[in-house]
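Here the structure comes first, spelled out in structure tokens, and everything after it is commentary.
Protein chains: 2
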Amino acid sequence: MSDSSWPTEWLRGTLTLAVLRILADGETYGYAISHRLEAAGFGSIKGGTLYPLLARLENAGLVEVTWRAGEGGPGRKCFTLSPAGCEEYSRQRAQWLAFAEHTTDFLKDPS
Amino acid sequence: MSDSSWPTEWLRGTLTLAVLRILADGETYGYAISHRLEAAGFGSIKGGTLYPLLARLENAGLVEVTWRAGEGGPGRKCFTLSPAGCEEYSRQRAQWLAFAEHTTDFLKDPS
DNA sequence: CATGGCTAGATCGTATGACAATCTAGTCAG
DNA sequence: CTGACTAGATTGTCATACGATCTAGCCATG
Chain Z
23 MSDSSWPTEW LRGTLTLAVL RILADGETYG YAISHRLEAA GFGSIKGGTL YPLLARLENA
83 GLVEVTWRAG EGGPGRKCFT LSPAGCEEYS RQRAQWLAFA EHTTDFLKDP S
Chain A
23 MSDSSWPTEW LRGTLTLAVL RILADGETYG YAISHRLEAA GFGSIKGGTL YPLLARLENA
83 GLVEVTWRAG EGGPGRKCFT LSPAGCEEYS RQRAQWLAFA EHTTDFLKDP S
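Below is the structure:
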């Protein structure tokens, strides 16, 4: 439990969903997202991973972007879930819960 | 149920574990593994995915390989879990169960 | 006997995407 | 002025999943 870094291959798939999950809590920005991911046990996600991912979300119309002047720091690019993003999040969330259950069963069942 | 295979990004991470799971039932060969994966709801895994994966397992010393003459067909390359493979499987299995629980909690908890 | 279909394994080229390293730029403390 | 921290972004590299394709053995049909 202590170190709790999951294999990166597992995180890769979940990362988009995890980001959607965080965005579902309300507007945030990249830097904060990376900290929340780390706090949530997803390890430290690097800029080279996170920013392209956010760009993909933006590109897919799942998030809306606003620039805000930073308080005590540089400007922030803030992200909110678009309606399509909310929908996509619910869909993926439900699907992941089903997937987790499915794989759990698969691993537990004898043959 | 049947048609909707999971997003490939999710399968990617789980695929190795799923193969280990199947190998844990005893000796099999590639072609049969791909059928069992499909039957288990992992979609149809192509040769270009499965054989390199099996080669990686072999390379890592997690499986042992035997050639057997095919009954009514070409020869088969049969795989068994090595002791190290058994250990690795238990480890990954436990870790995945924990991971599934962790992500489930993460998705369910409000903020 | 020739053809096509099934089993079985393997390889190649392409595309995706995660990561480390690096860069710019703003603020603040010393 | 310098260094630390926040914040976003880019670049190059590496791993790997996939589709397509190939070889090869066996069988049934025509």
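From first to last, the protein sequence lines are chains Z and A.
Sequence positions in the first sequence follow this note's numbering and run 23 to 133.
Sequence positions in the second sequence follow this note's numbering and run 23 to 133.
Don't be surprised by glycine CBs; every beta carbon is placed ideally from N, CA and C.
Model, not experiment: these values are computed from the prediction.
CB contact below 7 Å: residue i versus chain Z
i       : result
R58(A)  : no
R78(A)  : no
T125(A) : yes
F128(A) : yes
F101(A) : no
T36(A)  : yes
E49(A)  : no
R43(A)  : yes
D25(A)  : Its pLDDT being 41, under 50, D25(A) is placed unreliably in this model, and the coordinates cannot settle the point.
Beta carbon proximity, residue i to chain A, threshold 7 Å
i       : result
L84(Z)  : no
A116(Z) : no
R113(Z) : no
R98(Z)  : no
A61(Z)  : no
E31(Z)  : yes
A122(Z) : yes
W28(Z)  : yes
Through-space distance from residue j to residue i, alpha-carbon basis
i       : j       : result
G107(A) : E60(A)  : 22 Å
D25(Z)  : I44(A)  : Reliability fails at D25(Z), whose pLDDT of 47 lies under 50, so the model's placement of it is uncertain and no value is given.
F101(Z) : S104(A) : 48 Å
L75(Z)  : G69(Z)  : 9 Å
K9(Z)   : F64(A)  : Only positions 23 to 133 of chain Z appear in the structure, and residue 9(Z) is not among them; the question remains open.
F128(Z) : I67(Z)  : 29 Å
V87(A)  : T30(A)  : 28 Å
M23(Z)  : L33(Z)  : At M23(Z) the pLDDT is 42, less than 50, meaning the model places this residue with poor confidence and gives no usable figure here.
W80(A)  : P96(A)  : First, the residue type needs correcting, since residue 80(A) is Glu and not Trp in the sequence shown. Cα-Cα distance, rounded: 21 Å.
A54(Z)  : A62(Z)  : 12 Å
A82(Z)  : A82(A)  : 39 Å
Exposure label - residue i; buried when at least 16 CB within 10 Å
i      : result
S56(A) : buried
W28(Z) : buried
Same chain, Cβ closer than 6 Å to residue i, five either side skipped, listed in chain order
i       : result
I110(A) : According to the sequence provided, residue 110(A) is Glu. The question's Ile does not apply to it. Cβ within range, chain order: L84.
Same chain, Cβ closer than 8 Å to residue i, five either side skipped, listed in chain order
i       : result
W118(A) : T36, L39
A122(Z) : none
Q114(A) : T38, L39, L42
A46(Z)  : L103, C108, Y111
T125(A) : none
T50(A)  : I44, R58, C100, F101
G48(Z)  : T102
T71(Z)  : L37
Residues near residue i in its chain [Cβ-Cβ closer than 7 Å; skip 5 each side]
i       : result
R78(A)  : none
G92(A)  : R98
R90(Z)  : G97, R98, C100
Y73(A)  : G52
A116(A) : none
The ligand FMN heavy atom lying under 6 Å from the CB of residue i
i      : result
E31(Z) : In the structure on display, the ligand FMN does not appear, and there are no ligands present to speak of.
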